[in-house]
Amino acid sequence: MTLPKINVKTLVENGVHFGHQSRRRNPKMSPYIYATRNKISIIDVRQTAPMMAEALAFLEKITSTGGQVLFVGTKNQATEKVREAAEKTGQFFVNHRWLGGMLTNFKTISKSIKRLEKIEKDIENAEELGYTKKEQLNMSRQQEKLNNALGGIRKMHRPSAVIIIDIVREKNALAEAKKLDIPVIAICDTNSNPDGIDFVIPGNDDSSKSIALYTDLFSEAILSGLEQFLSAVDKKSVEKELTEEKAEPKPEKKEIKPVEKKPVEKKVVKEVVKKKVIAKKEVVKTEKVVKKAVKKKVIAKKEVVKTEKVVKKKRIPRD
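So that you can map any letter, position 32 of the sequence shown is 32 in our numbering, and since no number is skipped, the others follow by simple counting.
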């Protein structure tokens with residue numbers, strides 16, 4: 001797949017040249033304005049074509065090396081087109097509402113994603129978990145709300161590029177991308193400020209027809225890059241297999257160890273002798289204990305005799 005060709009005629013047919021009213025013009029977009037007709041600024045699409053081609057080449061390059069792209073377009077005209085383009089190419093998207101920190105504080109956003117996944121599991125097993133119909137209805141509403149906001153970035157890590165359809169509306173997304181030094185490709189209408197944007201594409205950002213053209217072009221460039229990436233991966237795997245086939249495994253030499261004769265009989269004899277010695281020692285110990293006990297009894301008997309003698313001496317004679 002090759003990059004799509006862009007010509008001025010196609011851009012004009014899709015209304016890319018229509019800007020905003022001249023009173024809403026941002027002076028920094030003046031270099032990209034061709035003329036003013038009926039108080040409407042007309043964009044110079046002769047500049048748009050090469051600038052779009054440059055952006056598409058960049059998209060192809062980053063995706064050919066495994067990079068991923070984030071589409072951002074939350075206005076009604078862009079919602080479906082952004083989602084379709086991202087799903088078609090396997091990229092990420094935000095098409096309802098940009099939550100603060102989606103790029104700069106993704107740890108907090110990931111907690112909300114985990115909560116969404118838990119709600120989805122609870123809904124699947126609602127009957128087993130004993131949820132009432134009212135509780136299931138509340139969970140479904142929460143799921144829809146979270147899915148609209150986070151459904152397109154569930155598996156997202158740091159993207160290699162961000163595509164923004166309307167930078168005036170998506171100023172928070174633009175600010176976060178710039179803060180993280182993530183390259184930005186943006187459609188800039190005549191009311192936009194193009195400062196700080198890596199790939200400026202002057203064009204109409206309000207027409208659904210124009211937006212459809214942009215997303216189609218971006219999709220084709222990404223798919224072209226992905227095709228190159230997959231072919232490179234396949235080539236590496238094939239080369240690896242060929243290398244493994246060429247390498248001849250060396251036969252392992254088995255060492256024959258001499259059988260050791262264990263002195264079984266001697267060991268048994270030693271154990272028997274040892275047991276006898278231990279038994280003898282135990283007998284001697286027992287005899288000593290018995291002797292001590294007898295000695296104590298003898299001493300106790302002598303003490304009793306002494307006590308009796310003393311008692312007899314102290315007896316008072318009868319009258």
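Using N, Cα and C, we set each Cβ at its ideal position, and we do this for glycine too.
Remember, predicted model here, so these are calculated numbers, not experimental data.
Item to check | Bounding residues of the beta strand (DSSP E) (the contiguous stretch that carries residue 36) | outcome: 33–37
Next on the checklist: Quick check: what's the CA-CA separation for residue 49 versus residue 19?
Outcome noted: 16 angstroms
Next on the checklist: Pairs of beta-carbons, one from the stretch 204–224 and one from the stretch 57–64, closer than 8 angstroms: are there three or more?
Outcome noted: yes
Item to check | Limits of the unbroken alpha helix (DSSP H) element including residue 167 | outcome: Premise fails: residue 167 is in no alpha helix (DSSP H) and is neither H nor E.
Item to check | Sequence-distant residues of the same chain with beta carbon closer than 6 angstroms to residue 153, five excluded per side | outcome: 92
Next on the checklist: Within 10 Å of its beta-carbon, does residue 230 have 16 or more other beta-carbons around it, so buried, or fewer, so exposed?
Outcome noted: exposed
Item to check | Three-way DSSP call (helix, strand, coil) for residue 136 in this model | outcome: helix
Checklist entry - Which first and last residues belong to the alpha helix (DSSP H) in which residue 41 is found? => result Residue 41 -> not in any alpha helix (DSSP H); beta strand (DSSP E) instead, spanning 40–43.
Checklist entry - Could you give the distance in angstroms between the alpha-carbon of residue 81 and the alpha-carbon of residue 61? => result 23 angstroms
Item to check | At least three beta-carbon pairs within less than 8 angstroms, the stretch 117–124 to the stretch 184–194 | outcome: no
Checklist entry - Can you tell me where the alpha helix (DSSP H) with residue 129 in it begins and where it stops? => result 126–129
Checklist entry - Is the CB-CB distance between residue 149 and residue 136 below 8 angstroms? => result no
Next on the checklist: Please tell me whether residue 221 has its Cβ less than 8 angstroms away from any Cβ of chain E.
Outcome noted: Among the chains in the structure shown there is no chain E, since it carries only a single protein chain.
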